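Residue numbers (this note's numbering), protein chains in the order written: chain V, 1 to 339; chain P, 1001 to 1330; chain R, 2001 to 2306.
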């Protein structure tokens, strides 16, 4: 039995908007074990980023967070105060954002910011902090780390900045790293390098890693387990192998059919599509959120809320009342696509 | 065969777009008291796009692909070299004529539509610029084009802020196509969109190409998209095209080490394969400081002595070429 | 859309309900913005007063009657108070209400004219600098810096004392002096719009530069222009009052609020209402214009331009 690092149970985030209450996250549950990489995947507006911010208690002030359980490394995060939470952030759980330039302070050197990250949370001397910072900079592949130490964030390229952010996240030896689209702003070759590095460091330091992304390629290559979100809900969760080889939810199947894969999709052939648009999350709703865009939706889908049920594989859960019949009903769209 | 027929045949056979040894430099200031430096954005690029082709142009940010696109659109004069559209040099053509032949579709549909104008007005603008008709004909043409790109006619009087990202990109495509150009330069047309919207736009672009007989130059950093759409691919690195080949050949057997690294970086949704190590190192290409010799050598896993001093010459390979000392005769 | 037409799980999809148009959003924001509404109302009242001055004013503002001088306003009480002169009379026996009403014309005329002159100069300079950049931008920035290094009031005083003062001179001097904010704001607004891809798209369509400036850039910088215009109008009105107070603005006997304050300063301790009435009028006008400007800035904030 591996050590449980993060437990999120029935997390909800509500945002007041002029038209009412926006239920951005509606009862999301997942967990992360030590050494695991959990990918939260979904399209814009599905609530994946708010889920991460809610875990770190970094939500905008007007947002309201509720949850049945929110535990990080055995500590209940719902009842602790602001100061205790600030101690946890950085020391126990670190976050990496999409655009490193906004999370690095342009007025301080890289070295200074790395040292501060450690000095704020533990009783070490500045010399020790510096030694660890240099070690980590080298570890994240920054050559001539000692000279980079005196540089300011704007003097680094996007890829190097993201490496610095990873080094900073590792300074206090956190048990959990949350990375929100860490490679979306980067070039493809740099993206592969950064993800390679993240995967390697995650194994080496045995942290739990939560990676939030919209890129199914990234998910497939790096995830131990996958959480697929749609319109504020988890619609499917399971191991990467199960999700990609036997996707059970029509939305997951649709998403996979949408992306061109060299060698698999036929050149020029129509790609799969998901018709329609994401429903508005303002106000109360009944039934499956995906029903309006789903080819397989029946009246039962629209009349009652759908719960997560076990699919074929162990630990594979899906929020669809027809998931068992789907494989027999139709192949995924790619196969039926006309040339 | 009469002389006139011969000319028509020649016109048909003429390349849609041709760049001959095109270069572009910029003078940039690097600091308050430092002297201005020369940024070589594009250096000696030759590119041929034949009618009906979809040429993919791939490369990382800062490799000069956007500068090249601006030159091909006639928005930026090259410092050196010549660009021909349907056989005619663009330097001698008025902008309005170029506009009739070549049109762009941009990456960000939130930035490419004027927020103060209605959808109808945005798509009518190209007709207005070319002139020569009345507003009733325009409206009919615009509504027909809206239908063709999958926009409801009822959106005519709405504003961009009321539309989703995918709908906005359809408006941008309608605006580009309303004057029936021959060539469309798509600059990252789907990278700002969600996955499910991306596939809709890609399908639409394919459909329009077949129906309207269009030629595309598709600029993208997403190699999976390029592989899906393009018939030929040119790979750009720091201002030069370092490899060009048929899509099949390029994806089956990439020759240039940079192309190999690019292809290795494509993360297909296949679990269990892990994230590949591209062996590129943490050095980042800087267009202000292009390395001597082969411009890729500081990041190359196969670097040899000659790479550090001598710039490689293009070596023909199949339908295309590659610029790398590994393939030339030493 | 009717309830029955919502088939899908009772969740209206974003496709069913189109977001409101920018015009509707703007109207909604305006109606929710109290500052804007109050400022707009006060300004509207003053503008109406100025336009309808001959109908509202009970007397000719120039009619002197030394027998009836220095009658206090009606709320003062006392034997001299009369409803014939609700705000009393000044030291020359002119009806104070009539002078106040006609004075609104002068203040608004100067405010609007000076704002228009400076608006044209500043907007042209700013838009050209922002759109073309490079050397043009450097030149315009230099001109703006030069202008900013001249103190407005001192230059205005100098010019007026040389060429003599009249309404026209005051308008032109102010108009030629306060265009700097227009130029600065229009320059940065144009720079932002210039970087958007729809400008490149228009260029690629073969649009001429004047066409791009008029149909693509102008509608997107208009909101900034309106805000600066209101602020500069208030600025011009205050400067006119200051110049008139110093005796270098509008010349007597023209009824101007600044001049009314100036003429009353000798009697400040004996008949304070002579100063407070035009002072309050000036204060209300400038406050109203500023509230309107701030409100317009709030309701045309960037989020409705996206």
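Backbone N, C-alpha and C fix where the C-beta goes; we use that ideal spot for every residue, glycine too. Everything numeric in this text was worked out from a predicted model, so none of it was measured.
Please list, in chain order, all residues of the same chain as residue i whose beta carbon is under 7 Å from its beta carbon, the five residues on each side excluded.
i: residue 1023 of chain P; result: 1042, 1043, 1044, 1078, 1079, 1080, 1081
i: residue 2163 of chain R; result: 2169
i: residue 2267 of chain R; result: 2091, 2274
i: residue 32 of chain V; result: 5, 6, 38, 176, 208, 210
Return the CA-CA distance between residue i and residue j, expressed in angstroms with no decimal places.
i: residue 41 of chain V; j: residue 255 of chain V; result: 10 Å
i: residue 1086 of chain P; j: residue 1103 of chain P; result: 14 Å
i: residue 1047 of chain P; j: residue 1126 of chain P; result: 27 Å
i: residue 307 of chain V; j: residue 56 of chain V; result: 26 Å
i: residue 2234 of chain R; j: residue 2105 of chain R; result: 14 Å
i: residue 148 of chain V; j: residue 110 of chain V; result: 7 Å
i: residue 334 of chain V; j: residue 1163 of chain P; result: Residue placement at residue 334 of chain V is flagged as unreliable, the pLDDT there being 41, under the threshold of 50; the coordinate-derived value follows with that caveat. C-alpha separation (whole angstroms): 28 Å.
i: residue 1035 of chain P; j: residue 1025 of chain P; result: 16 Å
i: residue 2133 of chain R; j: residue 1172 of chain P; result: 27 Å
i: residue 2185 of chain R; j: residue 2229 of chain R; result: 11 Å
i: residue 319 of chain V; j: residue 234 of chain V; result: 7 Å
i: residue 1003 of chain P; j: residue 1018 of chain P; result: The pLDDT assigned to residue 1003 of chain P is 40, lower than 50, so where the model puts this residue is not dependable, and the model offers no usable value.
i: residue 294 of chain V; j: residue 1206 of chain P; result: 25 Å
Taking C-beta to C-beta, are residue i and residue j nearer than 9 Å?
i: residue 272 of chain V; j: residue 1199 of chain P; result: yes
i: residue 24 of chain V; j: residue 175 of chain V; result: no
i: residue 2300 of chain R; j: residue 2125 of chain R; result: no
i: residue 1055 of chain P; j: residue 1232 of chain P; result: yes
i: residue 2118 of chain R; j: residue 2198 of chain R; result: no
i: residue 167 of chain V; j: residue 137 of chain V; result: yes
i: residue 11 of chain V; j: residue 62 of chain V; result: no
i: residue 116 of chain V; j: residue 185 of chain V; result: no
i: residue 8 of chain V; j: residue 51 of chain V; result: yes
i: residue 2206 of chain R; j: residue 1088 of chain P; result: no
i: residue 1122 of chain P; j: residue 1181 of chain P; result: no
i: residue 262 of chain V; j: residue 1235 of chain P; result: no
i: residue 1216 of chain P; j: residue 1295 of chain P; result: no
With a CB to CB cut of under 6 Å and the five nearest residues on each side skipped, what residues in its chain are close to residue i?
i: residue 2139 of chain R; result: none
i: residue 1254 of chain P; result: 1260, 1263
i: residue 2220 of chain R; result: 2193
i: residue 2255 of chain R; result: 2061, 2099, 2102, 2103
i: residue 1060 of chain P; result: none
i: residue 1308 of chain P; result: 1293, 1297
Pull up the CB-CB distance for residue i and residue j, whole angstroms please, since I reckon it's below 8 Å.
i: residue 231 of chain V; j: residue 289 of chain V; result: 4 Å
i: residue 177 of chain V; j: residue 199 of chain V; result: Contact flag wrong, Cβ pair sits at about 12 Å.
i: residue 224 of chain V; j: residue 240 of chain V; result: 7 Å
i: residue 158 of chain V; j: residue 205 of chain V; result: That belief does not hold up - the Cβ atoms of residue 158 of chain V and residue 205 of chain V are roughly 24 Å apart, past 8 Å.
i: residue 2279 of chain R; j: residue 2250 of chain R; result: Not confirmed; about 16 Å, so no contact.
i: residue 1280 of chain P; j: residue 1299 of chain P; result: 5 Å
i: residue 249 of chain V; j: residue 323 of chain V; result: 7 Å
i: residue 1319 of chain P; j: residue 1224 of chain P; result: Not quite, the Cβ-Cβ distance comes to about 22 Å (not below 8 Å), so this is no contact.
For residue i, does the three-state DSSP call read helix, strand or coil?
i: residue 1294 of chain P; result: coil
i: residue 60 of chain V; result: coil
i: residue 23 of chain V; result: strand
i: residue 239 of chain V; result: strand
i: residue 2122 of chain R; result: helix
i: residue 2081 of chain R; result: coil
i: residue 149 of chain V; result: coil
i: residue 31 of chain V; result: strand
i: residue 2281 of chain R; result: helix
i: residue 1008 of chain P; result: At residue 1008 of chain P, the pLDDT of 49 sits below 50, so the modelled position is not reliable and the matter cannot be decided from this model.
i: residue 1081 of chain P; result: strand
i: residue 1056 of chain P; result: strand
i: residue 2107 of chain R; result: helix
i: residue 229 of chain V; result: strand
i: residue 16 of chain V; result: strand
Please indicate yes or no: does the CB of residue i lie closer than 8 Å to some heavy atom of the ligand ADP?
i: residue 222 of chain V; result: Looking for the ligand ADP in the displayed structure turns up nothing, as the structure carries no ligands at all.
In its own chain, which residues sit with a C-beta less than 8 Å from the C-beta of residue i, not counting the 5 before and 5 after it?
i: residue 1153 of chain P; result: 1143, 1146, 1147
i: residue 1098 of chain P; result: 1073, 1074, 1085, 1090
i: residue 1247 of chain P; result: 1056, 1226, 1227, 1230, 1231, 1232, 1233
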